[in-house]
Amino acid sequence: MSRRAATPRNIYVPKGPSTWHEQFAVAANGQRQSPIDIVTDKAVFDKELSDNPLKTYYSNNCCQSVTNTGASFQVSVDGEGTEISGGPLGDTYKLLQFHAHWGPYLQNEGSEHTVDGVTYPAELHLVHWNTKYKKATEALDKPDGLAVIGVFLKRGKEHAGFKQITDLILKIPGKMNKAEIKSNFDPGCLLPARRDYWTYLGSLTTPPLYESVTWIVMKEPIEVSVEQLAALRTLLWETNSGLDKMFNNYRPPQPLQGRVVRASFTSGSCTSCIMARIPTWAWGALSVGLGAVAYTFSQMA
Ligand SMILES: [Zn+2]
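Numbering (my numbering), first residue to last: 826 to 1126.
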């Protein structure tokens, strides 16, 4: 793998994620690649997660602009005044940006994570970086460098908060088009009311696929309208036949490689009851082990 390898102009078409290993070996031989299929029966309730809830603080003036990156939209954030901690996080993380992945018109594919094989039409990613590092670029490839909150989008009623973003997306069809966010916007409005989540150690889902992400995938989706999903597809990207509507900008689930997915909530199944009795030191040992494996790997890569 070469971290200096140039990223293709469009990483999703025409060849797509199945060819990423040609430039980024970790795509094929990584130990903690993302996304994954979350098998709910195998997710293990961890009482420490419910005892120490995930805390999220966002300010309503931290979001600066929305850009068409050629692979998604991206809202750039001034992390000052934003902070997440608790739950699976041993440190404090700041919001860096958020973006999404989505599928075709009226289809249910588009999310990167799947739940028992079920996909959603889209998935939001709020990307945070660990403030124990001096800057986000330094955190990017560290095993504990990033924390990404994933939120599934499902079709339903219009989302008033997200409308502020989708209205701006309509103004940035071309790659690197950018719109300033001039009025207050609190990214916390994109989180579901219920904060139940699954968490596991994974990676970026786009090249260079660094294995640096603590994933926090919200169980409850948020509702957005068909029109708001359609707004995402007004973004254009480069294809072999010229500019075209942007969709199917997602990576499919990757092998779990023995990783444990923890849940912040009980599902009520007996498996969860039994697993909840495993002492907390055992979980600590397990995550330290996974971290060490990832760290070793990142040094080798
Ligand atoms: Zn993403």
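From the three backbone atoms N, C-alpha and C, an ideal C-beta is built for every residue, glycine too. Bear in mind that the values here come from a model prediction, so they are computed numbers and not experimental data.
- In chain order, what residues of the same chain have a beta carbon less than 7 Å from the beta carbon of P999, not counting five sequence neighbours either side? Note on identity: in this sequence residue 999 is Gly, with Pro being the wrong assignment. Excluding residues within five positions, the ones whose Cβ falls inside 7 Å are N893, L1061.
- Query: What residues does ligand 1 have around it, judged by CB closer than 6 Å to any heavy atom, in chain order?
  - Reply: H924, H926, H950, T1030
- So, T1064 versus P860, is the Cβ gap smaller than 8 Å? no
- Quick one: Cα of A850 to Cα of S1066, how far? Annotation: A850 to S1066 spans about 29 Å, alpha carbon to alpha carbon.
- In its own chain, which residues sit with a C-beta less than 7 Å from the C-beta of F987, not counting the 5 before and 5 after it? For F987, where only same-chain residues beyond five positions count, the Cβ hits under 7 Å are L1015, V1049, Q1053.
- Proximity test, Cβ basis, 8 Å: S910 and chain D: Note that chain D does not occur in the displayed structure, where there is just one protein chain.
- Exposed or buried, what is D1140 when buried is set at 16 or more other beta-carbons lying within 10 Å of its beta-carbon? Absent from the structure is residue 1140, since the part of the chain shown begins at 826 and ends at 1126.
- Message: Under DSSP, the alpha helix (DSSP H) around D992 begins and ends at which residues?
- Response: D992 -> alpha helix (DSSP H) spans 985–994.
- Which first and last residues belong to the beta strand (DSSP E) in which V900 is found? 898–902
- Task: With a 10 Å radius around its C-beta and 16 neighbouring C-beta atoms as the bar for buried, classify G802 as buried or exposed.
- Result: Outside the shown range of the chain, which is 826 to 1126, sits residue 802, and nothing can be said about it.
- Message: Between which two residues does the alpha helix (DSSP H) holding A961 run?
- Response: Run containing A961: 961–964, per the alpha helix (DSSP H) assignment.
- Given a cut-off of 8 Å, decide if M1043 and F977 are closer than it, judged by their beta-carbon atoms. yes
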